[in-house]
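Each residue of the sequence shown is one higher than the one before, counting from 581 in our numbering. Each residue gets a CB set at the ideal place from its N, CA and C atoms; glycine is no exception. The model shown is predicted, which means the values in this text are computed figures rather than measured ones. Inspection log for the structure reproduced underneath, given as structure tokens.
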Amino acid sequence: MAACGNQHEEPLRPNIIFIMSDDHAWQAVSAYNERLQYVAPTPNIDRIAQDGMRFDRCLVTNSICGPSRAAILTGKYSHLNGMVGNVYRSGDFDGSQQTFPKLLRDVGYQTAMIGKWHLGSEPTGFDHWDILPGQGHYYNPTFINKEGRYDVHGYVSDIITDKTIEWLKGQVNNPGPFMVMMHHKAPHREWEPGPKYLNRFQGVDFPEPFNLFDDYSGMGAAA
């Protein structure tokens, strides 16, 4: 009878690592079996897709930097969260809004934001944050945290990854769950690969996209 009792069960509180790349075309992820899968495979991303869920029928309602980030944080459309464009058009993100990091922190999560933020205002809802100002730079980037600005020598993707790993190591003795957002600048234009990849595709022929000679009529500058 005890097994049938109305016992309260603690809800599962999984650790969450949110990894974001910037302007990363789905055709460049080999898990989608597109034209680049053999010349530029992405085995680590593919492994995540294989072990998790691959979204085949989804879209971004406002596919530029700041609005996408604001929508992820708030779960709202751009006209509701205020970020209809990037900072130069919409102004800074209103950090007083409810966001999912705030909700997680309210139930005991340690929260962190590391990498590209690009929302103007300082991050809210995070116990730890260490972000690029604006777009940031690929080489020897400046970072901002609660103590101020500072420069880091190296390549930005490596730095963001190392900072995230360092923060995760600090959670080993934390009895509660954690959520970290690791936001990479790459592969956003201007396209500047890391030193070890500068000659990675030298001599490699890439299959041409069907819209190679598109006239781009009606498209924004980012196209």
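Rounded C-beta distance between residue i and residue j? I'm assuming under 8 Å.
{"i": "residue 698", "j": "residue 715", "result": "7 Å"}
{"i": "residue 688", "j": "residue 756", "result": "5 Å"}
{"i": "residue 762", "j": "residue 598", "result": "7 Å"}
{"i": "residue 751", "j": "residue 690", "result": "6 Å"}
Rounded to a whole number of angstroms, what is the C-alpha to C-alpha distance between residue i and residue j?
{"i": "residue 799", "j": "residue 624", "result": "32 Å"}
{"i": "residue 770", "j": "residue 622", "result": "21 Å"}
{"i": "residue 646", "j": "residue 594", "result": "27 Å"}
{"i": "residue 739", "j": "residue 720", "result": "9 Å"}
{"i": "residue 665", "j": "residue 785", "result": "36 Å"}
{"i": "residue 651", "j": "residue 733", "result": "32 Å"}
{"i": "residue 793", "j": "residue 630", "result": "34 Å"}
{"i": "residue 613", "j": "residue 648", "result": "25 Å"}
{"i": "residue 673", "j": "residue 704", "result": "10 Å"}
{"i": "residue 663", "j": "residue 670", "result": "6 Å"}
{"i": "residue 643", "j": "residue 773", "result": "23 Å"}
{"i": "residue 748", "j": "residue 708", "result": "11 Å"}
{"i": "residue 725", "j": "residue 788", "result": "42 Å"}
{"i": "residue 686", "j": "residue 754", "result": "16 Å"}
{"i": "residue 706", "j": "residue 628", "result": "25 Å"}
{"i": "residue 731", "j": "residue 713", "result": "11 Å"}
{"i": "residue 637", "j": "residue 801", "result": "26 Å"}
{"i": "residue 641", "j": "residue 741", "result": "28 Å"}
{"i": "residue 746", "j": "residue 723", "result": "16 Å"}
What residues in its chain sit with their C-beta under 6 Å from that of residue i, if we drop five residues either side in the sequence?
{"i": "residue 617", "result": "610"}
{"i": "residue 596", "result": "759"}
{"i": "residue 675", "result": "701 and 704"}
{"i": "residue 584", "result": "Note that residue 584 has pLDDT 49, beneath the 50 cutoff, so the model's placement of it is unreliable and the number below is only indicative. Closer than 6 Å at Cβ, skipping near neighbours: no residue."}
{"i": "residue 718", "result": "736 and 772"}
{"i": "residue 656", "result": "none"}
Let me know if residue i comes out buried or exposed under the rule of 16 or more other beta-carbons within 10 Å of its beta-carbon.
{"i": "residue 619", "result": "exposed"}
{"i": "residue 661", "result": "buried"}
{"i": "residue 683", "result": "exposed"}
{"i": "residue 795", "result": "exposed"}
{"i": "residue 736", "result": "buried"}
{"i": "residue 639", "result": "exposed"}
{"i": "residue 658", "result": "buried"}
{"i": "residue 654", "result": "buried"}
{"i": "residue 592", "result": "exposed"}
{"i": "residue 692", "result": "buried"}
{"i": "residue 775", "result": "exposed"}
{"i": "residue 778", "result": "exposed"}
Give every residue of the same chain whose Cβ lies closer than 7 Å to the Cβ of residue i, excluding the five residues on either side of it in the sequence, and list them in chain order.
{"i": "residue 743", "result": "694 and 710"}
{"i": "residue 604", "result": "767"}
{"i": "residue 582", "result": "Note on residue 582: pLDDT 45, under 50, position unreliable in the model; the coordinate value appears next. Nothing meets the Cβ criterion."}
{"i": "residue 791", "result": "none"}
{"i": "residue 626", "result": "610 and 611"}
I'd like the list of long-range same chain contacts for residue i, defined as Cβ closer than 8 Å, with 5 residues on each side in sequence excluded.
{"i": "residue 601", "result": "764, 766 and 767"}
{"i": "residue 607", "result": "614, 615, 616 and 789"}
{"i": "residue 780", "result": "773"}
>> So within the segment 680 to 752, which uninterrupted alpha helix (DSSP H) runs reach at least 4 residues, ignoring any that extend past its ends?
In response: 680 to 686 and 736 to 749
>> Suppose only complete runs of 3+ residues qualify. What are the beta strand (DSSP E) ranges in the segment 584 to 637, listed by chain order?
In response: 596 to 600
> Which full runs of the beta strand (DSSP E) of 3+ residues lie inside the segment 750 to 797, going along the chain?
Replying inline: 758 to 763
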